[in-house]
Amino acid sequence: MHSIWIIAVAAVVTAATRFLPFLIFGQGKKTPDIIVYLGKVLPYAIMGMLVVYCLKDVRFLSAPYGIPELLGCAAVAALHIWKRNTLLSIGVGTVFYMLLVQFIF
Amino acid sequence: MKKKALHQVFRDTLPVLTGYLFLGAGFGILLREETGYGISWAFFMGLFMFAGSGQYLAVSLLASGASLISTAIATLLVNARHLFYGISLVDDYKDAGPRKNYMIFGLTDETYTLVTQNQPPEGMSRHAYCFWVTLCDHIYWICGCVLGNILGATLPISFEGVEFVLTALFVTMFVEQWLSNTNHRPAIIGVMSTALCLLIFAKELFLIPSMALIAILLVISRKTARRDVCA
């Protein structure tokens, strides 16, 4: 029974983090100026935040020093600058990373 | 609904399909190993929570029989980044109609990334596109959770590293934004603030200070950004 409550609380808190901004700022006819501004620039900042967030568990001070992750990210970025094909960059980058962690590091 | 448009939705969500099947499976396996809970638990957690790191966290909370207060606080710390997604979509989703609540409910990192970075295909409205992306991602995630729970640890080990597909998705979108924009300030603020806070704070706590720092720096840079637009 307690388990069901844990899941319920976790689900409600998760949903709250998603709904709260809409409940606070989305009620009036007109969205506040500052929110409209943040809506324009946040997507750029958030992508940067998510890239760092994904790498938060990488340990750079012990072997393999985050080298597979850095090489993987560099490969994805380089491929995307070169070909600008989203699926290609993601697909090849991921396979490259898998080869690195399975056979080299 | 045009078939071609839905085909485009599938193409756009393909990286998320890959990532969610494996990450969801990881969750399903962990849930069975740590708590012994089976398919219906995996299914309902995927259905009602729809949060990757949140569900992994929930497994350890379940396994340790955590109190409801610590469940609430820990979940908030892990999922606080959703607040940003909401803030940035308040205006965009304003007139999304009856599907709006579901689209908000389904705002994961990956769904947010796809709906903000991609253009809807021809013959599909922006809100319809956002809805279909959300629904597809949700279905992939639930499938992953349930499949992992059924198959358990029998999954071949050679898939090690496949979770990198989601990192690759974010890196690709980051580079795409960088190439298609001249104002790189928000992107730099995002990376530097998060990296700085990760260095200073514990891994479990750095997200909220990062978000605060990003918001403050973005607001400060607003005036100069305006000048850039006028120039």
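Chains X and S are the protein sequences, given in the same order.
Under our numbering, the final residue of the first sequence carries the number 749; numbering is consecutive throughout.
Under our numbering, the final residue of the second sequence carries the number 1168; numbering is consecutive throughout.
Glycine residues also receive a C-beta, built at the ideal position from the N, C-alpha and C atoms.
- Query: Where does Glu1113/S sit, in a helix, a strand or coil, going by DSSP?
  - Reply: Here residue 1113/S corresponds to residue number 176 of the second sequence, with the count starting at 1. The answer is helix: DSSP assigns Glu1113/S an H, G or I state.
- Message: So that I know if they touch, is there some Cβ in chain X lying closer than 9 angstroms to that of Tyr1022/S?
- Response: Mapped onto the second sequence, residue 1022/S falls at position 85. Taking Cβ atoms only, chain X reaches closer than 9 angstroms to Tyr1022/S, which makes this a yes.
- Message: Short of 7 angstroms Cβ to Cβ, which residues in the region 987-1004 of chain S face chain X?
- Response: Ala988, Gly991, Ala995, Leu998, Leu999, Gly1002 and Ala1003
- Message: I want to see whether chain S comes within less than 9 angstroms of Ser733/X, judged by CB atoms only; does it?
- Response: Within the first sequence, numbered from 1, the residue matching residue 733/X stands at position 89. Judged by the 9 angstroms Cβ criterion, Ser733/X is in contact with chain S.
- Task: Would you be able to state if there are at least three C-beta pairs under 8 angstroms between the region 1075-1090 of chain S and the region 982-995 of chain S?
- Result: yes
- Query: Can a CB atom of chain X be found closer than 9 angstroms to the CB of Ala1168/S?
  - Reply: If you number the second sequence from 1, residue 1168/S lands on position 231. With a pLDDT of 43 at Ala1168/S, under the threshold of 50, the modelled position of that residue is not reliable, and the figure given next carries that caveat. Chain X, which has no Cβ nearer than 9 angstroms to the Cβ of Ala1168/S, makes this no.
- Return the CA-CA distance between Val653/X and Gly1043/S, expressed in angstroms with no decimal places. For the purposes of this step, residue 653/X is taken as the residue at position 9 of the first sequence. For the purposes of this step, residue 1043/S is taken as the residue at position 106 of the second sequence. Cα-Cα distance, rounded: 17 angstroms.
- Query: Can you list, in chain order, the residues of its chain whose CB lies under 6 angstroms from that of Lys939/S, leaving out five sequence neighbours each side?
  - Reply: For the purposes of this step, residue 939/S is taken as the residue at position 2 of the second sequence. Result list for Lys939/S: Gly1060, in chain order.
- Message: So, with DSSP's three-state summary, where would you put Leu686/X?
- Response: Counting from one through the first sequence, the residue named residue 686/X turns up at place 42. In this structure, Leu686/X counts as helix in the three-state DSSP scheme.
- Query: Closest to Val946/S by CA distance: which of Val1102/S, Thr1048/S, Ala1152/S and Ile1151/S is it?
  - Reply: Counting from 1 along the second sequence, the entry for residue 946/S is found at position 9. With distances taken between Cα atoms, Val946/S lies closest to Thr1048/S.
- To which residues of the same chain is Ser733/X closer than 6 angstroms at the C-beta, ignoring the five residues directly before and after it? For the purposes of this step, residue 733/X is identified with residue 89 of the first sequence, where counting begins at 1. Correct list, in chain order: Val720, Leu723 and His724.
- Give, in chain order, every residue of the region 1114-1131 of chain S whose Cβ lies closer than 9 angstroms to some Cβ of chain X. Gln1114, Trp1115, Leu1116, Asn1118, Asn1120, His1121, Arg1122, Pro1123, Ala1124, Ile1125, Ile1126, Gly1127, Val1128, Met1129, Ser1130 and Thr1131
- Message: What I want to know is whether the C-beta of Asp1029/S ends up closer than 8 angstroms to one or more non-hydrogen atoms of the ligand GTP.
- Response: Among the components of this structure there are no ligands whatsoever, and the ligand GTP is therefore not found.
- Message: Pairs of beta-carbons, one from the region 661-680 of chain X and one from the region 1011-1026 of chain S, closer than 8 angstroms: are there three or more?
- Response: yes
- Item | Residue nearest to Ala1152/S in terms of C-alpha spacing, selected from Ile966/S, Leu1013/S, Lys1160/S and Pro1123/S | For the purposes of this step, residue 1152/S is taken as residue 215 along the second sequence, with counting starting at 1. The candidate whose alpha carbon is nearest that of Ala1152/S is Pro1123/S.
- Item | Spatial distance of Val736/X from Ile711/X (CA atoms) | Counting from 1 along the first sequence, the entry for residue 736/X is found at position 92. Counting from 1 along the first sequence, the entry for residue 711/X is found at position 67. The straight-line gap from Cα to Cα measures roughly 17 angstroms.
- Query: Is the Cβ of Ala707/X closer than 9 angstroms to any Cβ of chain S?
  - Reply: Working through the first sequence from its first residue, we reach residue 707/X at position 63. Closer than 9 angstroms: no.
- Does the distance from the C-beta atom of Gly989/S to that of Leu954/S stay below 9 angstroms? On the second sequence, position 52 is the one that residue 989/S refers to. On the second sequence, position 17 is the one that residue 954/S refers to. Taking 9 angstroms as the Cβ cut-off, Gly989/S and Leu954/S do not qualify as a contacting pair.
- By the criterion of Cβ-Cβ separation under 8 angstroms, what are the contact partners of Glu970/S in chain X? Sequence index remark: in the second sequence, residue 970/S carries index 33 (1-based). In chain order: nothing, as chain X lies at least about 15 angstroms away.
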